[in-house]
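2 protein chains.
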Amino acid sequence: MLFYRQGFETTSFADIAAEVKISRGNFYYHFRSKDEILDAVVARRLDDTRAMLRAWEAQGADPVARIRCFIEILLRNREPIMAFGCPVGTLATELAKLGHPARGEAVALFDLFRTWLRRQFERAGRPADADRLAMHLLARSQGVASLANAYQDEAFVAREVAEMGDWLETQIAAA
Amino acid sequence: MLFYRQGFETTSFADIAAEVKISRGNFYYHFRSKDEILDAVVARRLDDTRAMLRAWEAQGADPVARIRCFIEILLRNREPIMAFGCPVGTLATELAKLGHPARGEAVALFDLFRTWLRRQFERAGRPADADRLAMHLLARSQGVASLANAYQDEAFVAREVAEMGDWLETQIAAA
DNA sequence: GTCTATATTTTGATAGAC
DNA sequence: GTCTATCAAAATATAGAC
Chain W
1 MLFYRQGFET
11 TSFADIAAEV
21 KISRGNFYYH
31 FRSKDEILDA
41 VVARRLDDTR
51 AMLRAWEAQG
61 ADPVARIRCF
71 IEILLRNREP
81 IMAFGCPVGT
91 LATELAKLGH
101 PARGEAVALF
111 DLFRTWLRRQ
121 FERAGRPADA
131 DRLAMHLLAR
141 SQGVASLANA
151 YQDEAFVARE
161 VAEMGDWLET
171 QIAAA
Chain X
1001 MLFYRQGFET
1011 TSFADIAAEV
1021 KISRGNFYYH
1031 FRSKDEILDA
1041 VVARRLDDTR
1051 AMLRAWEAQG
1061 ADPVARIRCF
1071 IEILLRNREP
1081 IMAFGCPVGT
1091 LATELAKLGH
1101 PARGEAVALF
1111 DLFRTWLRRQ
1121 FERAGRPADA
1131 DRLAMHLLAR
1141 SQGVASLANA
1151 YQDEAFVARE
1161 VAEMGDWLET
1171 QIAAA
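Taken in order, these protein sequences are the chains called W and X. So for the first sequence, my numbering puts the first residue at 1; every next one is plus one. So for the second sequence, my numbering puts the first residue at 1001; every next one is plus one.
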């Protein structure tokens, strides 16, 4: 999506119209304003993310393997991440700087991962500090995405993903 | 600085003029274009950062204590970070999305910290993987800044800073 | 539903008076 | 050096034909 590649504020109706191949004016038949398009895009992403988390949930019963699914998004999506950063994190920071009302929706996107991860850690035998571990993992992912974008370094991403896997093992072994 | 609070592209000449209290037109006596202002801002930040790293260097001879200075920026600057994110990281990602020519300068800002941290790890007895450790620490900081901005959670920042301190100790003990 | 034409505002940038 | 006035382009948004 264009908002991901260019950022929300920088993406104009002309850009969107060129991509979707309808005229600028026609846009207002479907949406009342540009902000409403943003709302729709974020709502869509919320749905897609919920579906993805459900799919990871359906893959198996092992919470540790599920957490590994999360860690490995960094590898699976490394090309777009190196080019444009993390779609969740970059949107949240942009909307925060804009003071945009939809900022909360972007944070809700983070919350989806946070609560999902927390539940996995609870099941993996760390109920007392599940949220702490979830936030730690989220932060690590954000940091890797940020530097991957800055340095375009694929080896760095692979290395950090491996280290997060090691960290996960020691955390669960401590349970 | 306004570019930090609002982002570069979103900050208009009108915004800058209001802040600096000179007229829009007068700006072109000092700079040829908006991009030239960005260049000046980044160059200034590069200088300031170099000065800060030199100051940390002058504080003492212990490389571990110096690295701790870096980790603790997250605490010292927690208010602006919770409000606007990390000034280095958010600028780098914005310029990457814009495909802006000054993108390299923003990464040079990262490099300042990276090479400085690398040198400290080398002196602390980890010459073989000093760059790996420097990048890891940079990534951790970026991640904490990103989530601090999203959740405005001061306790989270303090907790992660403490964990980074623990990590640092185990790394140096392993030397 | 989709288009063209247009209104309005704002942007980065220029010209010229003082 | 700083200002006002202004330009041209691009932005969001609206009106109305088809």
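Glycine is no exception: its CB is placed at the ideal position from the N, C-alpha and C atoms.
Residues of the region 1144-1169 of chain X that bring their beta carbon within less than 9 Å of a beta carbon in chain W comprise 1144, 1145, 1146, 1147, 1148, 1149, 1150, 1151, 1153, 1156, 1159, 1160 and 1163, in sequence order.
The three-state secondary structure of residue 1101 (chain X), taken from DSSP, is coil.
The C-beta of residue 29 (chain W) has fewer than 16 other C-beta atoms within 10 Å across all chains shown, which makes the residue exposed. When only Cα atoms are considered, residue 101 (chain W) and residue 34 (chain W) end up about 13 Å apart. Contact between the region 119-127 of chain W and the region 65-74 of chain W is present, with at least three C-beta pairs closer than 8 Å. Counting only residues of its own chain and dropping the five nearest sequence neighbours on each side, residue 31 (chain W) has a CB closer than 6 Å to the CB of 37. Distances from the alpha-carbon of residue 1013 (chain X) to those of X:1026, X:1005 and X:1004 put X:1026 closest. Between residue 160 (chain W) and residue 1010 (chain X), the CB-CB gap reaches or exceeds 7 Å.
DSSP places residue 173 (chain W) inside the alpha helix (DSSP H), whose first and last residues are 154-173. Residue 9 (chain W) belongs to the set of residues whose beta carbon lies under 7 Å from a beta carbon in chain X. By the C-beta density criterion, residue 150 (chain W) is buried, having at least 16 other C-beta atoms within 10 angstroms. By the C-beta density criterion, residue 1059 (chain X) is exposed, having fewer than 16 other C-beta atoms within 10 angstroms. With a threshold of 7 Å between beta carbons, residue 64 (chain W) makes no contact with chain X. When C-beta atoms of the region 70-86 of chain W are compared with those of the region 133-144 of chain W, three or more pairs fall below 8 Å, so the two segments count as touching. Under the 10 Å beta carbon count, residue 21 (chain W) is surrounded by fewer than 16 other beta carbons and is classified as exposed. Annotation: residue 1024 (chain X) is outside any alpha helix (DSSP H) and is labelled neither H nor E by DSSP.
Residue environment analysis places residue 1045 (chain X) among the buried positions, since at least 16 neighbouring C-beta atoms fall within 10 angstroms of its C-beta. Rounded to the nearest whole angstrom, the CA to CA distance from residue 167 (chain W) to residue 1092 (chain X) is 28 Å. Approximately 29 Å separates the beta-carbon atoms of residue 1124 (chain X) and residue 1080 (chain X); this is outside 8 Å, ruling out the contact. Boundaries of the alpha helix (DSSP H) around residue 63 (chain W): 63-71. With a threshold of 7 Å between beta carbons, residue 1135 (chain X) makes contact with chain W.
Secondary structure at residue 57 (chain W): helix, using DSSP grouped into helix, strand and coil. For residue 154 (chain W) and residue 1136 (chain X), the gap between their C-alpha atoms comes out near 14 Å. The beta carbon of residue 1042 (chain X) does not come within 7 Å of any beta carbon belonging to chain W, so the residue lies off that interface.
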